[in-house]
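In the order they appear, the protein sequences are chains A and B.
FYI, UniProt numbering numbers position 104 of the first sequence as 104, with every residue one higher than the one before it.
FYI, UniProt numbering numbers position 218 of the second sequence as 218, with every residue one higher than the one before it.
From the three backbone atoms N, C-alpha and C, an ideal C-beta is built for every residue, glycine too.
There are 2 protein chains.
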Amino acid sequence: MMNYDTNLVPSYYDVTKEYFITKLHVKRQPAVLCGIDIGPCVEKWTSDYLIEKSGSTIVKVHVGSEANMNFLSKNFSYKTLTFEQLVKRSKKKIQDDNDYFFSPKEYYYLRSLSNERRGKQVANLKTDFPELADDVKLPCFFADEQFFSSILRLGSLGMQMWTHYDVMDNFLIQVQGEKRVTLFSPSDASFLYLDGDKSEIVDIDNPDLNKYPNFVKATRYDCLLRPGDVLFIPAFWFHTTQSLSFCINVNVFWKNLDAHFYEKNDYYGNKDLIPASKMLQAVSKAMNNLDSLPKDCKEFYAKRAIRLIEKTLEDNEKSADKSSSK
Amino acid sequence: MMNYDTNLVPSYYDVTKEYFITKLHVKRQPAVLCGIDIGPCVEKWTSDYLIEKSGSTIVKVHVGSEANMNFLSKNFSYKTLTFEQLVKRSKKKIQDDNDYFFSPKEYYYLRSLSNERRGKQVANLKTDFPELADDVKLPCFFADEQFFSSILRLGSLGMQMWTHYDVMDNFLIQVQGEKRVTLFSPSDASFLYLDGDKSEIVDIDNPDLNKYPNFVKATRYDCLLRPGDVLFIPAFWFHTTQSLSFCINVNVFWKNLDAHFYEKNDYYGNKDLIPASKMLQAVSKAMNNLDSLPKDCKEFYAKRAIRLIEKTLEDNEKSADKSSSK
């Protein structure tokens, strides 16, 4: 078994908007909010009800034969189904004869897209699943103009998402089933072997420590969501979810920073903030300068560049200490 | 006592030009060359002789009251002396009453500059100390057109140079006295807490490991130079020298890479290669993009940038493996 730090995400009961804004949101730490009124969906959204209401809706779904879906090696395909087919299949451990894509045992994951312009407009429960939307009361713990998207998510038993971050704060609302969510602080980014916004470590419970030795330095934050629970995931917190049963979630994103920081064409809430994206592009381009140099020089100067950035981090830290001690 | 890896720099006897070029230079590892004919300087350069020949030459010298000279905190001053005064003072443990700059116990270090245009032209023993130059036979282990500079160095007892790298290959010729040189591979750059081309760790024998924990991961290479020894210091190898007695050295630099890589106005042989310098400037500028972001975002994206560079390093490694296995 792994020997690394694990913490439980703290739970809070009957949190008010004011308490959330003044006490929880400012902490920039994940929190499970229990006992919030999220509407009748918790009671109403049985499989039969979902099928009755939205069964004929066409959805695009991630399907794979491995429980750990991995965006980097793309061990899944996108398939188009009716919502009825998806719900029925997602509840089965083994699919019916000849009624599967890859293998009798396969995993399904829906992340709803905008009905109007799929992938070119943000998802919104109200317009994408109007027949279900009224059953959900989104926690209004932010100003209306900060609202970004509301997404219906469905995961079949065992399905596990790759570890990644989003650039906006969000609430993950557990409507049906049980879900384990594991989070890592943005300050542990160095230990997660990132490729863009995703970790290369596919199975965080059994990581290859020869390949990813620094992963043991990362601190896990775990929680188990039950129907009615709302998980606050602050922007830039890495997270991976595992559906411990058939799961239905609603996920609400909002702009927690000034609107001008966000990319205009970010439909998923995961495009890097504009200044950061510029920086990353410039750094990537800067590295091309080394192409003409011998391999050992290239390596050496790449390390010099890393040190240069570490020093800007240290200076950032020092200037923050100074201004806080004023 | 420190518990880190130490290695001895290997010594080679009666090395020919061909052996150096085909066997040693290509290794990119430091080496002590013993028994090379470096001319009559080893016998001739007594203090009296040096004073007789060059005593009236005006030299600019680093003077400090701490043995460890530190370029980052500048614990020394530049003072102008005659070469006679410098030689006489450098041989004394305690200076005569009232004949010192800071304290009776002080340290002296000369790195000769061009006589013609000090600090605006490379040092050349032939023109800067013509009355001494004929006593030295520089090892001609590189082509004439690669020659860059020849520098006279003098260190008083105990004087220790800061750990730094140069961008050209060079021979450090020990003419008088004994000198300890400690080197670190360019691949250990990440463990040396660099500020530009210099390590922040002033006392490598008693480092502050709370401040510099990764220093234990660096591998030391030590050697002791005796009169007549020639140390090959490959470009980018970090090095620090300690004069175990009054020391006189001649140091020869040459361009080991294609001439177009070097800065035109590099008079000391330590300005970063042009493509690398461009890269470092671009990375530094790129980081300014983060200024408008909140502190935690800044930190997060700095780590993303570090990871991006690590990945270019990994890709570099992989493509090298591929081409070598062809």
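Query, Result
"Just the C-alpha distance for A/Lys79 and B/Lys264, rounded to the nearest angstrom, thanks.", "60 Å"
"Hey, quick one: how far does the alpha helix (DSSP H) through B/Lys53 stretch, first residue to last?", "Ser47 to Ser54"
"Using a Cβ-Cβ cut-off of 7 Å (strictly less than) and excluding sequence neighbours within five positions of B/Ser149, which residues of its own chain qualify?", "Val122, Ala123, Asn124, Phe253 and Gly269"
"Tell me the rounded alpha-carbon separation between residue 328 of chain B and B/Ile306.", "Missing from the structure shown is residue 328 of chain B; chain B here goes from 1 to 326 and no further."
"Identify every residue that forms a DSSP beta bridge with A/Asp222.", "A/Leu8 and A/Thr182"
"Quick one: give me the first and last residue of the beta strand (DSSP E) that B/Lys278 is part of.", "Counting along the chain, B/Lys278 falls outside any beta strand (DSSP E), though it belongs to the alpha helix (DSSP H) covering Ile274 to Met287."
"In whole angstroms, what separates the C-alpha of A/Asp229 from that of A/Tyr100?", "32 Å"
"Under 7 Å between beta-carbons, which chain A residues line up against B/Lys303? List them in chain order, please.", "Ala189 and Ser190"
"Using 8 Å as the limit for Cβ to Cβ distance, is A/Arg180 near chain B?", "no"
"Between A/Lys295 and chain B, is any beta-carbon pair separated by less than 8 Å?", "yes"
"Closer than 8 Å, CB to CB, is A/Met287 near chain B or not?", "yes"
"Sort B/Thr6, B/Pro30 and B/Val26 by Cα distance to B/Tyr12 and report the nearest one.", "B/Pro30"
"Answer yes or no: do A/Phe129 and A/Ile21 have a C-beta to C-beta separation smaller than 8 Å?", "no"
"Any idea what DSSP makes of A/Ser114, helix, strand or coil?", "coil"
"Would you mind giving the Cβ-Cβ distance between B/Val61 and B/Ile36, rounded to the nearest angstrom? I have them listed as a contact below 8 Å.", "With 8 Å as the limit, B/Val61 and B/Ile36 do not qualify as a contact, their Cβ atoms being about 29 Å apart."
"Using a beta-carbon distance cut-off of less than 7 Å, what residues from the segment 268-284 of chain B approach chain A?", "Leu273, Pro275, Ala276, Lys278, Met279, Leu280, Ala282, Val283 and Ser284"
"Using a Cβ-Cβ cut-off of less than 7 Å, give me the residues of the segment 20-34 of chain A that come near chain B, in sequence order.", "Arg28"
"Name the chain B residues that come within less than 7 Å of A/Lys298, Cβ to Cβ?", "Asn316"
"Mark A/Ser90 as exposed unless 16 or more other C-beta atoms lie within 10 angstroms of its C-beta, in which case mark it buried.", "buried"
"Pick from B/Pro186, B/Phe300 and B/Ile201: whose alpha carbon is nearest that of B/Tyr193?", "B/Ile201"
"Three Cβ pairs or more, each shorter than 8 Å: is that satisfied between the segment 180-194 of chain A and the segment 280-295 of chain A?", "no"
"Give the interface partners of B/Leu290 over in chain A, defined as CB-CB distance under 7 Å, in chain order.", "Pro275, Ala276 and Met279"
"Kindly list, in the order they appear in chain A, the residues whose Cβ is closer than 8 Å to that of B/Phe147.", "Going along chain A, no residue has its Cβ under 8 Å from B/Phe147, so there is no contact; the nearest lies around 21 Å."
"If A/Asn214 and A/Ser187 are in contact, beta carbons under 8 Å, what's the gap, nearest whole angstrom?", "No, A/Asn214 and A/Ser187 are not in contact; Cβ-Cβ is about 13 Å, not under 8 Å."
"B/Ala143 by DSSP, collapsed to three states: which one?", "coil"
"Decide yes or no for the touch test of the segment 216-232 of chain A against the segment 145-164 of chain A: beta carbon pairs closer than 8 Å, at least 3 of them.", "no"
"Quick check: is the beta carbon of A/Arg307 nearer than 8 Å to any beta carbon in chain B?", "yes"
"Closer than 8 Å, CB to CB, is B/Asp195 near chain A or not?", "yes"
"Tell me which residues share the same chain as B/Arg28 and place their Cβ nearer than 7 Å to its Cβ, disregarding the 5 neighbours each side in the sequence.", "Pro234"
"List, in chain order, every chain B residue whose beta-carbon is nearer than 7 Å to that of A/Pro186.", "Asp296 and Phe300"
"So, for B/Met69: in the same chain, excluding its five sequence neighbours on each side, which residues have a beta-carbon less than 8 Å away from its beta-carbon?", "His62, Asn75, Phe76, Tyr107, Tyr109, Met159, Gln160, Met161 and Trp162"
"So with CB distances below 9 Å, who are the chain B contacts of A/Ala320?", "Lys295"
"Taking the beta carbon of B/Gln176 as the centre, do at least 16 other beta carbons fall within 10 Å, making it buried, or is it exposed?", "buried"
"Just confirm the distance between the C-beta atoms of B/Leu225 and B/Gln174, as a whole number of angstroms; I'd bet it's less than 8 Å.", "4 Å"
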